[in-house]
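**Q** Which chain is which? The protein sequence lines are R and B, in order. Position 111 (the first sequence) corresponds to 111 in the UniProt record's numbering; numbering is contiguous. Position 16 (the second sequence) corresponds to 16 in the UniProt record's numbering; numbering is contiguous. Think of the CB as a built atom: it goes at the ideal place given N, C-alpha and C, for glycine as much as any other residue. Note that this is a predicted model, so its numbers are computed, not measured. Here's a structure for you.
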Amino acid sequence: MTDQTTHTPAGATTTRKTRETSGILGLKGRDITLMVIVLILTMAAPILLNPFPADSSLAQFNAGYPDLMQRFVIFGIFAIGFNILFGLTGYLSFGHAAFLGVGSYATVWMFKLLNYNILPGLVLSVIVAALFSVLIGYISLRRSGIYFSILTLAFAQMSFALAYSVLTPITNGETGLQVYTSDPQYLQSAGAPDMPHLFGVTMRATETIEIGAWSFTFNFGYYVCAIIMLAAFYMAIRIFRSPFGMMLRAVKSNQQRLNYTGVNPRPYTLAAFVISGMYAGLAGGLMASMDPLAGAERMQWTASGEVVLMTILGGAGTLIGPVLGAGLIKYFENIFSKINDGVLHQWFAFMPDGIEDLLVTIVHPFVGKGWHLTLGLMFMLVVIFLPGGLVEGGQRIATVFRRDRKATNVEDAAAKKRNAK
Amino acid sequence: MTKSNLTRRGLIKTGAATGAALATPTIFTGAAWAQEQGFTNAPTGDTVTLGFNVPQTGPYADEGADELRAFELAVEHLNGDGSGGMLQTFSSNALEGSGILGKRVEYVTGDTQTKSDAARASARSMIEKDGAVMISGGSSSGVAVAVQGLCQEAGVIFMAGLTHSNDTTGKDRKANGFRHFFNAYQSAAALGPVLESLYGTDRKAYHLTADYTWGWTTQESMQATTEAMGWETVNNVLTPLAATDFSSYITPVLQSGADVLFLNHYGGNMVNSLTNAVQFGLKEAQANGKDFQIIVPLYSELMARGAGENIAGIPGSQNWDWKLENQLGDRYKGTNAFVQSFGEKYGFPPSQAAHTCYAQTMLYADAVQRAGSFNPCAVVEALEDFEFDGLGNGPTLYRAADHQCFKDVVVVRGKENPENEFDLVEIVEATPTEQVTYDPDHPMFAGGDLGECNPGA
Chain R
1 MTDQTTHTPA GATTTRKTRE TSGILGLKGR DITLMVIVLI LTMAAPILLN PFPADSSLAQ
61 FNAGYPDLMQ RFVIFGIFAI GFNILFGLTG YLSFGHAAFL GVGSYATVWM FKLLNYNILP
121 GLVLSVIVAA LFSVLIGYIS LRRSGIYFSI LTLAFAQMSF ALAYSVLTPI TNGETGLQVY
181 TSDPQYLQSA GAPDMPHLFG VTMRATETIE IGAWSFTFNF GYYVCAIIML AAFYMAIRIF
241 RSPFGMMLRA VKSNQQRLNY TGVNPRPYTL AAFVISGMYA GLAGGLMASM DPLAGAERMQ
301 WTASGEVVLM TILGGAGTLI GPVLGAGLIK YFENIFSKIN DGVLHQWFAF MPDGIEDLLV
361 TIVHPFVGKG WHLTLGLMFM LVVIFLPGGL VEGGQRIATV FRRDRKATNV EDAAAKKRNA
421 K
Chain B
1 MTKSNLTRRG LIKTGAATGA ALATPTIFTG AAWAQEQGFT NAPTGDTVTL GFNVPQTGPY
61 ADEGADELRA FELAVEHLNG DGSGGMLQTF SSNALEGSGI LGKRVEYVTG DTQTKSDAAR
121 ASARSMIEKD GAVMISGGSS SGVAVAVQGL CQEAGVIFMA GLTHSNDTTG KDRKANGFRH
181 FFNAYQSAAA LGPVLESLYG TDRKAYHLTA DYTWGWTTQE SMQATTEAMG WETVNNVLTP
241 LAATDFSSYI TPVLQSGADV LFLNHYGGNM VNSLTNAVQF GLKEAQANGK DFQIIVPLYS
301 ELMARGAGEN IAGIPGSQNW DWKLENQLGD RYKGTNAFVQ SFGEKYGFPP SQAAHTCYAQ
361 TMLYADAVQR AGSFNPCAVV EALEDFEFDG LGNGPTLYRA ADHQCFKDVV VVRGKENPEN
421 EFDLVEIVEA TPTEQVTYDP DHPMFAGGDL GECNPGA
């Protein structure tokens, strides 16, 4: 098998040239650039996401507060993992929220039984999600295409129903699983913080720095999530560039041909399924670590659909796309949904009364609880005009600039040639 | 995206900027000119922000919309605009209509979606982004319990809106959380004698229960009370909160040998299940030689409006009703003042959800004013064992042991011939406070611990 992969010409995203150069941490060429960009973006996020002064009217659009930043990177992890399955093998799972849910429950149970240190919870969340995804993957992967999607959807809805009403002693149903003062917490020492922490530093620990009119919030929990996301992103790059990743692409492009050449694709797809399930479990564990409550809604099909949207919106099969998609959707959910009529009236206050009311009436269905509508329209536009997602959009813009530059270069070269004659 | 032009110079520039930002000493932070500090979101400047977190979507969306109206009205009255509402009748005179402690009240709103997760996310963004010093609202006990836990951790005050589960001030009680609304135990205690006089002591009850903390404790309370007076419980079926069609749950009821159906449902759930029950002819049915009866332990005008004529004759309990002062007299003063200012602004009478949210906002503002500080611990101290009157419920006590309000409970019935769409329920009686008072460590409330008040950072 390794023979086959080495003989295969390098795929669309790897070039033979990068293969030959040695890299840092096993990364080469563009991947290093990508990794550095993601590193800078995540580390400087508290500054980048707060571009507007704290008391200006545009502060409404600032996203640099801990809860949302944590959500950006946690759902980034979720989407990166989902993309390993969907982007590489083409298997569209509609049940990934189930793994997110079991990860959350596992972590909260560790809080309840051991103590508030997040490490045991995170480890267990990944393990439980892995076991769970082996079970679901083993059965679901016997079919492909729409049947696979439906099977995963069915499993996820089953898990949701179990968590919501059948297994209430374990999940606390609709109320959500949370930590009570009456819980045993066998390893909780006397002086330890009474909320999720990493060796004594709480996830809530926050330093606010004000520079002029700007206010930037640096939150420990966010940086924990961000570092884990960087590790997850690095892993994803390595998987994408590995022979294993190549095998997965082969499954996507022509599974039949693989079968004919005597390769059994199922171990590969199952491995991809379990890996992406573990990513989801990790994301779920992190969610519970940032806010120690696990609700059954996390497992509902809408949550599974959300990660599909994130991946497609950002660009399925690309490395950074899912992270961008996750960020965009969470931004809409948290920022647009909070614009109410009062805010709209403030915006349009400078206009005459009649026009002000008219504008508010027009904009009203698209903000506040109508944020889904705006997101839906955007999703449609992206799918129709940018099938490759935001990444394709970025590439097109880049190409426009590059073409100009190249064009001048070509002319220069031509001019030189002519002058030389 | 992947083809970004990352130059060495650009990288160094960004790094330097980041480093400079990180190195800025904290002397430049806001604390330098804060008037108050030492707790989460200490208000600086001349405004204070409150967070109103209500369901704008989901089965309790109607209640949420009415709560939001009440919050807007309360803020208006606190800032001295409008008619002043219950500020005129409130027994405490600390508030002057000039904001809270001289700071103008501003507010942010959020959608809980009637989901614990979404509600906590929304509340967190209010605390972290908007700097809310108090969170109120919620039309589901699951949400209220979840958000109350969050507020305890974050160090802000939670003034529970419409939440009726025993757990909110029972096993999930928190030092930073307060509840004005009554609870399932009080409903049962008030409804018991009325049910006995209406339907006798020999009945067989079938329960349909919303599957979450509120449904569980309501069912438990009703079962305990009715069994104490000789009724028998045939069955208890749990229904998902997100359910919209209950016909499959209603079908087995008549075959079960029961002659009373308890709908432990609220909001959209109750509207749907009652409609289903009436469509299946339960209201006209006979069982065990008696007329079949339907009981809805927790009632509201909004639900009555949703259920229409199906509600006629069905008994239940309420925290408050807009006709209270007109029908039962001066004991419930404040009711008319509130109904009047609400009606002037919105054109119809307020629901009990609106009333409790309005009252909670006033109680919080008053406690801050009396304590002279927004510090959550000072507010807790001011609210504990606070006795007040003139907020529409008669004399009321905020008990220190569990942060629950004790006041009269209103027993109501659906009107047979309503005159208009806002006058759908008639008041049967107001059960006096003594009858609905219980010990803080009553078995249905045991296992909880208020803990210490948490002022946060």
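#1: Is any beta-carbon of chain B found at less than 8 Å from that of R:Asn254?
#2: Quick test of your reading: R:Leu153 and R:Gly95, contact by CB under 8 Å. State the CB separation rounded to the nearest angstrom.
#3: Taking B:Thr49 as part of the beta strand (DSSP E), name the residues at either end of that continuous run.
#4: Any beta-carbon of chain R closer than 8 Å to the one on B:Gln56?
#5: Does DSSP put B:Thr89 in a helix, in a strand, or in coil?
#6: Under a CB-based cut-off of 8 Å, is B:Ala258 close to chain R?
#7: For B:Pro240 and chain R, any beta-carbon pair shorter than 8 Å?
#8: Can you tell me the Cα-Cα spacing of B:Ala146 and B:Met159, whole angstroms?
#9: Just reading off the alpha helix (DSSP H) that R:Gln157 is part of, what are its end residues?
#10: Indicate whether B:Glu63 and B:Leu208 have their beta-carbon atoms separated by less than 8 Å.
#11: Need the endpoints of the beta strand (DSSP E) that B:Thr431 sits in, please.
#12: Cutting at 6 Å between CB atoms, please list the residues of its own chain near B:Cys151, excluding the five before and the five after it.
#13: What's the C-alpha gap between B:Gly451 and R:Glu207?
#14: Is the beta carbon of R:Met69 within less than 7 Å of some heavy atom of the ligand COA?
#15: Helix, strand or coil: how does DSSP classify R:Gly284 here?
#16: Give me the DSSP bridge partner(s) of B:Gln404.
#17: Provide the residue(s) that pair with R:Glu210 in DSSP beta bridges, ordered along the chain.
#18: Less than 8 Å between CB atoms is the rule here; does B:Thr217 satisfy it with respect to chain R?
#19: Given this structure, state the Cα-to-Cα distance separating R:Leu324 from R:Tyr234, to the nearest angstrom.
#20: Starting from R:Asp357, follow the alpha helix (DSSP H) in both directions and report where the run begins and ends.
#21: At the 8 Å Cβ level, is B:Ser273 part of the contact set with chain R, yes or no?
#22: For R:Thr168, does the three-state DSSP call read helix, strand or coil?
#23: If I'm right that B:Val194 touches B:Thr40 with Cβ under 8 Å, what's the distance once you round it to whole angstroms?
#24: What distance in whole Å lies between the Cβ atoms of B:Asn269 and B:Pro55, which are believed to be in contact at a cut-off of 8 Å?
#25: Please confirm whether B:Asp439 has its beta-carbon closer than 8 Å to some beta-carbon of chain R.
#26: Can you tell me whether B:His207 is helix, strand or coil according to DSSP?
#27: Quick check: is the beta carbon of R:Pro66 nearer than 8 Å to any beta carbon in chain B?
#28: My assumption, with CB atoms under 8 Å, is that B:Asp449 sits in contact with R:Thr181. Please give the rounded CB distance.
#29: Starting from B:Glu36 and walking both ways along the alpha helix (DSSP H), at which residues does that stretch end?
#30: Just how far apart, CA to CA, sit B:Leu68 and B:Ala354?
#31: Taking Cβ-Cβ distances below 9 Å as the criterion, which residues of the region 160-187 of chain R are in contact with chain D?
#32: Which of helix, strand or coil does DSSP assign to R:Arg396?
#33: Measuring alpha carbon to alpha carbon, tell me which residue in B:Trp231, B:Asn288, B:Glu36 and B:Gly289 is nearest B:Phe262.
#34: Beta-carbon separation of B:Arg370 and B:Ala94 under 8 Å?
#35: Only counting the same chain, and skipping five residues up and downstream in sequence, which positions put a Cβ closer than 6 Å to that of B:Pro440?
#36: Bridge partners of B:Gln318, per DSSP?
**A** Here's the rundown:
#1: Taking the first residue of the first sequence as position 1, residue 254 of chain R is located at position 254. Output row for R:Asn254: interface = no.
#2: For the purposes of this step, residue 153 of chain R is identified with residue 153 of the first sequence, where counting begins at 1. For the purposes of this step, residue 95 of chain R is identified with residue 95 of the first sequence, where counting begins at 1. At roughly 5 Å, the Cβ-Cβ gap stays under 8 Å, so R:Leu153 and R:Gly95 are in contact.
#3: Position 49 of the second sequence, counting from 1, holds the residue named residue 49 of chain B. Here the beta strand (DSSP E) through B:Thr49 covers Thr47 to Val54.
#4: The residue labelled residue 56 of chain B in the question sits at position 56 within the second sequence. Closer than 8 Å to some Cβ of chain R, the Cβ of B:Gln56 qualifies, so yes.
#5: As a working mapping, residue 89 of chain B is identified with position 89 in the second sequence. Looking at B:Thr89 - three-state DSSP - the assignment turns out to be coil, as it is neither helix nor strand.
#6: Taking the second sequence and counting its residues from 1, one reaches residue 258 of chain B at position 258. No, B:Ala258 does not count as interfacial toward chain R.
#7: Indexing the second sequence from 1 puts residue 240 of chain B at position 240. Chain R, which has a Cβ nearer than 8 Å to the Cβ of B:Pro240, makes this yes.
#8: Along the second sequence, one-based indexing puts residue 146 of chain B at 146. Along the second sequence, one-based indexing puts residue 159 of chain B at 159. Approximately 13 Å between the Cα atoms of the pair.
#9: By 1-based counting over the first sequence, the position of residue 157 of chain R is 157. Start and end: Gly145 to Ala161.
#10: The residue given as residue 63 of chain B occupies position 63 in the second sequence. The residue given as residue 208 of chain B occupies position 208 in the second sequence. Not a contact, by the Cβ cut-off of 8 Å.
#11: Within the second sequence, residue 431 of chain B is the residue found at index 431, counting from 1. Segment Val425 to Thr431, the beta strand (DSSP E) holding B:Thr431.
#12: Reading the second sequence from its first residue, position 151 is the one you call residue 151 of chain B. The answer, listed in chain order, is Ile135, Phe158 and Asn176.
#13: Mapped onto the second sequence, residue 451 of chain B falls at position 451. Mapped onto the first sequence, residue 207 of chain R falls at position 207. Their backbone Cα atoms lie some 26 Å apart in a straight line.
#14: With respect to the ligand COA, the structure shown offers nothing to examine, as it has no ligands at all.
#15: By one-based count along the first sequence, residue 284 of chain R stands at place 284. Of the three classes helix, strand and coil, the one that applies to R:Gly284 here is helix, per DSSP.
#16: Mapped onto the second sequence, residue 404 of chain B falls at position 404. Beta-bridge pairing links B:Gln404 to B:Arg179.
#17: The residue given as residue 210 of chain R occupies position 210 in the first sequence. Paired residue(s): R:Ser215.
#18: Walking along the second sequence from the start, residue 217 of chain B turns up at place 217. No, B:Thr217 does not count as interfacial toward chain R.
#19: As a first step, residue 324 of chain R is located in the first sequence; it is residue number 324 there, counting from the start. As a first step, residue 234 of chain R is located in the first sequence; it is residue number 234 there, counting from the start. Cα to Cα, the separation comes out at about 16 Å.
#20: One-based indexing of the first sequence puts residue 357 of chain R at position 357. Asp353 to Val363 is the span of the alpha helix (DSSP H), which, as asked, contains R:Asp357.
#21: Indexing the second sequence from 1 puts residue 273 of chain B at position 273. No, its Cβ sits nowhere closer than 8 Å to a Cβ of chain R.
#22: Within the first sequence, numbered from 1, the residue matching residue 168 of chain R stands at position 168. Here R:Thr168 sits in helix by DSSP.
#23: Residue mapping note: residue 194 of chain B aligns to position 194 of the second sequence, counting from 1. Residue mapping note: residue 40 of chain B aligns to position 40 of the second sequence, counting from 1. With a Cβ gap of about 44 Å, B:Val194 and B:Thr40 do not count as contacting.
#24: Mapped onto the second sequence, residue 55 of chain B falls at position 55. Mapped onto the second sequence, residue 269 of chain B falls at position 269. With 8 Å as the limit, B:Pro55 and B:Asn269 do not qualify as a contact, their Cβ atoms being about 13 Å apart.
#25: To locate residue 439 of chain B, count along the second sequence from 1; it is residue 439. With 8 Å as the cut-off, B:Asp439 does not count as an interface residue toward chain R.
#26: Sequence index remark: in the second sequence, residue 207 of chain B carries index 207 (1-based). Note: B:His207 maps to strand in three-state DSSP.
#27: Translated into positions along the first sequence, residue 66 of chain R becomes position 66. It does; some Cβ of chain B falls within 8 Å.
#28: Locating residue 449 of chain B in the second sequence gives position 449, counting from the first residue. Locating residue 181 of chain R in the first sequence gives position 181, counting from the first residue. With 8 Å as the limit, B:Asp449 and R:Thr181 qualify as a contact, their Cβ atoms being about 5 Å apart.
#29: Within the second sequence, the letter at position 36 stands for residue 36 of chain B. It is not in any alpha helix (DSSP H) - B:Glu36 carries neither H nor E in the DSSP assignment.
#30: The residue labelled residue 68 of chain B in the question sits at position 68 within the second sequence. The residue labelled residue 354 of chain B in the question sits at position 354 within the second sequence. Whole-angstrom Cα-Cα distance: 8 Å.
#31: This model lacks chain D altogether; the protein chains it does include are R and B.
#32: Within the first sequence, numbered from 1, the residue matching residue 396 of chain R stands at position 396. In the structure shown, R:Arg396 sits in a helix (DSSP, three-state: H, G or I).
#33: Sequence index remark: in the second sequence, residue 262 of chain B carries index 262 (1-based). The option with the nearest alpha carbon to B:Phe262 is B:Trp231.
#34: In the second sequence, residue 370 of chain B corresponds to position 370, counting from 1. In the second sequence, residue 94 of chain B corresponds to position 94, counting from 1. Yes, the pair counts as a contact, with Cβ atoms nearer than the cut-off.
#35: The sequence position of residue 440 of chain B within the second sequence is 440, counting from 1. Result list for B:Pro440: Ala401 and Asp402, in chain order.
#36: By 1-based counting over the second sequence, the position of residue 318 of chain B is 318. Answer by DSSP bridge pairing, in chain order: B:Val410.
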